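Protein chains: 2
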Amino acid sequence: MVDTQRSAKPTRKRRKMQRVTMMDVAARAEVSPSTVSLYLRKPDAVSASASEAIAKSIEALNYVPNLMAGGLAAASSRAVSIIVPSVRNAFFAETVATMQAELGKERLQVLLGHTEYSEREEENLVRMALSWAPAAIVLTGLSHSNATRRLLRESSVPVVEIWELGSEPIEMAVGFHHQQVGHSMAAHLVQRNRRNLVFLGARLQEDKRAAHRAEGFVEEARKTSGATVEIIQHPAPSSAEVGAMLLGETMRKFPQVDGIACSNDHMALGVIFECQRLGINIPGQLSVIGFGDLSFSAASNPSLTTIRPPGDLIGTEAARLILERIADSGERKPTVIDTRFTLLHRQSS
Amino acid sequence: MVDTQRSAKPTRKRRKMQRVTMMDVAARAEVSPSTVSLYLRKPDAVSASASEAIAKSIEALNYVPNLMAGGLAAASSRAVSIIVPSVRNAFFAETVATMQAELGKERLQVLLGHTEYSEREEENLVRMALSWAPAAIVLTGLSHSNATRRLLRESSVPVVEIWELGSEPIEMAVGFHHQQVGHSMAAHLVQRNRRNLVFLGARLQEDKRAAHRAEGFVEEARKTSGATVEIIQHPAPSSAEVGAMLLGETMRKFPQVDGIACSNDHMALGVIFECQRLGINIPGQLSVIGFGDLSFSAASNPSLTTIRPPGDLIGTEAARLILERIADSGERKPTVIDTRFTLLHRQSS
DNA sequence: GTGAAAGCGCTAACAC
DNA sequence: GTGTTAGCGCTTTCAC
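So the protein lines, in turn, are chains A and R.
Heads up: the first sequence begins at 1 in UniProt numbering, then just goes up one per residue.
Heads up: the second sequence begins at 1 in UniProt numbering, then just goes up one per residue.
#1: Can you look up arginine 107 of chain A in the DSSP assignment and give me helix, strand or coil?
#2: Give the residues from the segment 106-120 of chain A that approach chain R closer than 9 Å (Cβ to any Cβ), ordered along the chain.
#3: To the nearest angstrom, how far is the alpha carbon of alanine 45 of chain R from that of glutamate 122 of chain A?
#4: DSSP has alanine 299 of chain R in a bridge; who is on the other side?
#5: For glutamate 59 of chain R and lysine 223 of chain A, I'd like the C-alpha separation in whole angstroms.
#6: If you follow the beta strand (DSSP E) that aspartate 293 of chain A is in, where does it begin and where does it stop?
#7: What are the residues in the UniProt domain "HTH lacI-type" (20-74) of chain R lying within 7 Å of chain A by C-beta distance?
#8: Ends of the beta strand (DSSP E) at glycine 259 of chain A?
#9: What does glutamate 206 of chain R reach in chain A if we use C-beta pairs closer than 7 Å?
#10: Can you name, in chain order, every residue of its own chain whose Cβ lies under 7 Å from the Cβ of threonine 140 of chain R, other than the five neighbours on each side?
#11: Would leucine 200 of chain R count as contacting chain A if we go by Cβ distances under 8 Å?
#12: Along the chain, where does the alpha helix (DSSP H) that runs through phenylalanine 217 of chain R open and close?
#13: Chain A beta carbons: is any one of them nearer than 8 Å to that of leucine 152 of chain R?
#14: Cβ of phenylalanine 296 of chain R less than 8 Å from any chain A Cβ?
#15: Would you mind giving the Cβ-Cβ distance between leucine 246 of chain A and leucine 200 of chain A, rounded to the nearest angstrom? I have them listed as a contact below 8 Å.
#16: What are the partner residues of glutamate 161 of chain R, as DSSP defines its beta bridges?
#17: Quick one: what's valine 229 of chain A bridged to in DSSP?
#18: Give the DSSP bridge partners of serine 81 of chain A, in chain order.
#19: Specify the secondary structure class of alanine 202 of chain A as computed by DSSP and reduced to three states.
#20: What residues from chain R crowd round methionine 172 of chain A, counting only those whose CB sits closer than 9 Å?
#21: What residue range does the alpha helix (DSSP H) around isoleucine 54 of chain A cover?
#22: If you draw a straight line from the C-alpha of threonine 21 of chain A to the C-alpha of alanine 318 of chain R, how long is it?
#23: At what residues does the alpha helix (DSSP H) containing arginine 325 of chain R begin and finish?
#24: Can the beta-carbon of valine 126 of chain R be found less than 8 Å from the beta-carbon of leucine 103 of chain R?
#25: Starting from threonine 35 of chain R, trace the alpha helix (DSSP H) both ways and give me its first and last residue.
#26: Give me whichever residues DSSP pairs with isoleucine 307 of chain R in a beta bridge.
#27: Express the C-alpha separation of serine 34 of chain A and lysine 13 of chain R in angstroms, rounding to a whole number.
#28: Please report whether the beta-carbon of phenylalanine 91 of chain A lies at a distance below 8 Å from any beta-carbon of chain R.
#29: Between alanine 268 of chain R and chain A, is the shortest Cβ-Cβ distance under 8 Å, so that the two count as touching?
#30: Would leucine 197 of chain R and tryptophan 132 of chain A be called neighbours here (beta carbons separated by less than 8 Å)?
#31: When you compare the CB of valine 96 of chain A with every CB in chain R, is at least one pair closer than 8 Å?
#32: Does histidine 345 of chain R pass the burial test, meaning 16 or more other C-beta atoms within 10 Å, or should it be called exposed?
#33: Mind reading off the beta-carbon distance from leucine 108 of chain R to alanine 129 of chain R? Whole number of angstroms is fine, and I expect it under 8 Å.
#34: Please classify residue 356 of chain R: is it buried, with 16 or more other beta-carbons within 10 angstroms of its beta-carbon, or exposed?
#35: Under 7 Å between beta-carbons, which chain R residues line up against asparagine 301 of chain A? List them in chain order, please.
#36: Helix, strand or coil, according to DSSP, for lysine 9 of chain A in the structure here?
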């Protein structure tokens, strides 16, 4: 640790010094440290004259507060832990980005963790997150290990679960019902007079939400007399390549298929490309519906009918819940927000 | 703050208590707190018998260390601040995910920030990051405000700049030369006998790295006698829709075009779809090369020739640098790692 | 509205 | 190898 030199007498010991402390600010402003602290946290509670002096002092000294000292004293930090399966996934990236922006306005920082769809890893991350006494913890989905639940219950940290509704949340939840998505997909295809339906899934074991969409799809399809429905899946993560491959498999096993729902738009894109190669007309011979409304979905050829999940809305609502919950620094208050989703009807169906 | 009850006498005052502290662990293990601390940080320096007792005690009490107390005492935390333009961008998402995984192994946590391509916002985020006395700060690219540079220089926090090489880094840098990417793109098209070249760009003002690719492209193209080269661009973020739109504009302005490089694969995907609609044959009439090797690029029709930037390698190398730098808790040590990139020749060229 | 005092839970010399 | 001793920089009663 190099003592970046100021024009001061050399420090005697190898003492790592936080450059400027609140005491320095207070001394220069000729007030007490606690007034500075108060000014920083509740500016309105400090007189105008003091405020001005403190502001000047902070400015002059280029003071950077030490949030760890603050967090330690207050037994709660200005960090919010967000734990998602992976930020490589555009859905979660969207929500994380939105939340960071929203929370950042209130000077809350995002601590990020990736579970890679492992509950054990999630538990690990929750434990690490708790080490920071975070202002809140955000989890993806509603499935967690018992240990995770226990840790969270014992901690009194606000918890928000995102991107999934259905079972009982730990405390607050923002998302939508993925089974309903499946319903909508099937209903849409049926309405377009499709009767031989297939759901193309990827990694359905790990991706519980995709599995719920598949379930909902099958459930709804079964309600239609004369309709058949199958699930074709692959253990690899979803991608256009897997989509293309599964389309091939589908045509082999169920050549009569006329309606396909994909676990997301990446898969659907693969289906579109493979159909181009095989000379299958969309939507003439085959209707396709995706999930995600990813960046390419409106521009594809044909453009892709899909479900748009409100990733940004989930982020803003989750951030709002956290902010409110912190404001009345109160008790647990169970809240469930259903953000719904939108079906975008385009050329592929 | 609810005092989650244990079977103990009610706390007299409304005291928020960190459930279990290191002292509790020490007491139960019948050693001193500092031995516990040592055990946690350097297990090898503690005797086997003490280690065992401490491990049991931690287990039994379900002890969660308070990292803020630790960070405060040590004047440095186990957080690494990673600041990227946006995690919505698949490139940065990849690197962030990789870094989180690598750093997580050493129990370092990721503090995430998004600049949205604003240097002012970056400065803000750096200031906030410094409040945490992070173990390291990771910045995207080499362009930063002077204030940012000054903050960082004065802080003695390790700094790694990622995803760009070229000018002088603050301390360490991991990435590649985007101008070289432009060179490779142009050279490839020229080699395929393309002479009327166009670079399709999005948001080149903000995205300095894309601008460098465009520059390199033009520079290399100009070396070829008989070749013409143009840049067509749009201020909006890159997307398939913008790509499709710009392809239209290109065909209007430069109908003789026979080679197109795109600022990334999203744009290229838009070009492919638009060409399908306009009946333009790829690669017969027009060769297309992208950047990114995104998830759909190998599966498209035709499959997309592109440049693959090693987003994960950048992440692992950056993490490695940070870990090493922390290990010898030493001085600044300027390091530059050129990860290179790969040209993937597929059907579109 | 402001200040004095008492920690928050841990690390880091240093002595033993 | 282990324990003792001081803080790290801030928040938070509680007086005034």
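For glycine and all other residues, C-beta sits at the position ideal for the given N, C-alpha and C.
Values in this document were obtained by computation on a predicted structure and should not be read as measured data.
According to the data block:
#1: Three-state result, arginine 107 of chain A: coil.
#2: Residues passing the 9 Å Cβ filter: Arg107, Gln109, Val110, Leu111, Leu112, Gly113, His114, Glu116.
#3: Taking the straight line from one Cα to the other gives about 30 Å.
#4: Answer is none; alanine 299 of chain R lacks a bridge partner.
#5: Looking at the two C-alpha atoms, the distance is approximately 52 Å.
#6: In this chain, aspartate 293 of chain A is not harboured by any beta strand (DSSP E), its DSSP state being neither H nor E.
#7: Within the UniProt domain "HTH lacI-type" (20-74) of chain R, the residues whose Cβ lies closer than 7 Å to some Cβ of chain A are Val64, Pro65, Asn66, Leu67, Met68, Ala69, Gly71, Leu72, listed in chain order.
#8: Counted as a single uninterrupted DSSP element, the beta strand (DSSP E) harbouring glycine 259 of chain A occupies residues 259-262.
#9: Within chain A, no C-beta atom comes less than 7 Å from the C-beta of glutamate 206 of chain R; the nearest is roughly 16 Å away.
#10: Within the same chain, threonine 140 of chain R has close Cβ partners Ile83, Val84, Pro85, Phe92, Ile162, Trp163.
#11: So, not an interface residue.
#12: Counted as a single uninterrupted DSSP element, the alpha helix (DSSP H) harbouring phenylalanine 217 of chain R occupies residues 208-222.
#13: For leucine 152 of chain R, no Cβ of chain A is located within less than 8 Å of the residue's own Cβ.
#14: Using beta-carbon distances, phenylalanine 296 of chain R counts as an interface residue toward chain A, with a partner under 8 Å.
#15: Contact annotation, leucine 246 of chain A with leucine 200 of chain A: C-beta distance approximately 5 Å; criterion of less than 8 Å satisfied.
#16: Its beta-bridge partners are R:Leu139, R:Ala173.
#17: Bridge partners of valine 229 of chain A: A:Leu197.
#18: A:Leu111, A:Ile137, per the DSSP bridge assignment.
#19: Strand, per DSSP.
#20: Those do not exist, as methionine 172 of chain A stays about 16 Å from chain R at its closest Cβ, beyond 9 Å.
#21: 48-61 is the span of the alpha helix (DSSP H), which, as asked, contains isoleucine 54 of chain A.
#22: Between threonine 21 of chain A and alanine 318 of chain R, the C-alpha separation is close to 31 Å.
#23: Per DSSP, arginine 325 of chain R belongs to the alpha helix (DSSP H) from 311-327.
#24: Contact flag unset, no.
#25: For threonine 35 of chain R, the uninterrupted alpha helix (DSSP H) segment begins and ends at 33-41.
#26: R:Phe291, R:Leu343.
#27: Only weak support is given to the placement of lysine 13 of chain R: the predicted model assigns it a pLDDT of 34, under 50, and the question is left unresolved by the model.
#28: Output row for phenylalanine 91 of chain A: interface = no.
#29: Output row for alanine 268 of chain R: interface = no.
#30: Contact: no.
#31: Yes - at least one Cβ of chain R is within 8 Å of the one on valine 96 of chain A.
#32: Sixteen is the threshold: since fewer than 16 other Cβ atoms of the shown chains lie within 10 Å of the Cβ of histidine 345 of chain R, the residue is exposed.
#33: At roughly 14 Å, the Cβ-Cβ gap does not stay under 8 Å, so leucine 108 of chain R and alanine 129 of chain R are not in contact.
#34: Chain R is shown from 1 up to 349; residue 356 of chain R falls before or after that span and cannot be answered.
#35: In chain order: Phe273, Gln276, Arg277.
#36: Residue confidence for lysine 9 of chain A is low, a pLDDT of 33 falling below 50, so the modelled location carries little weight and cannot support an answer.
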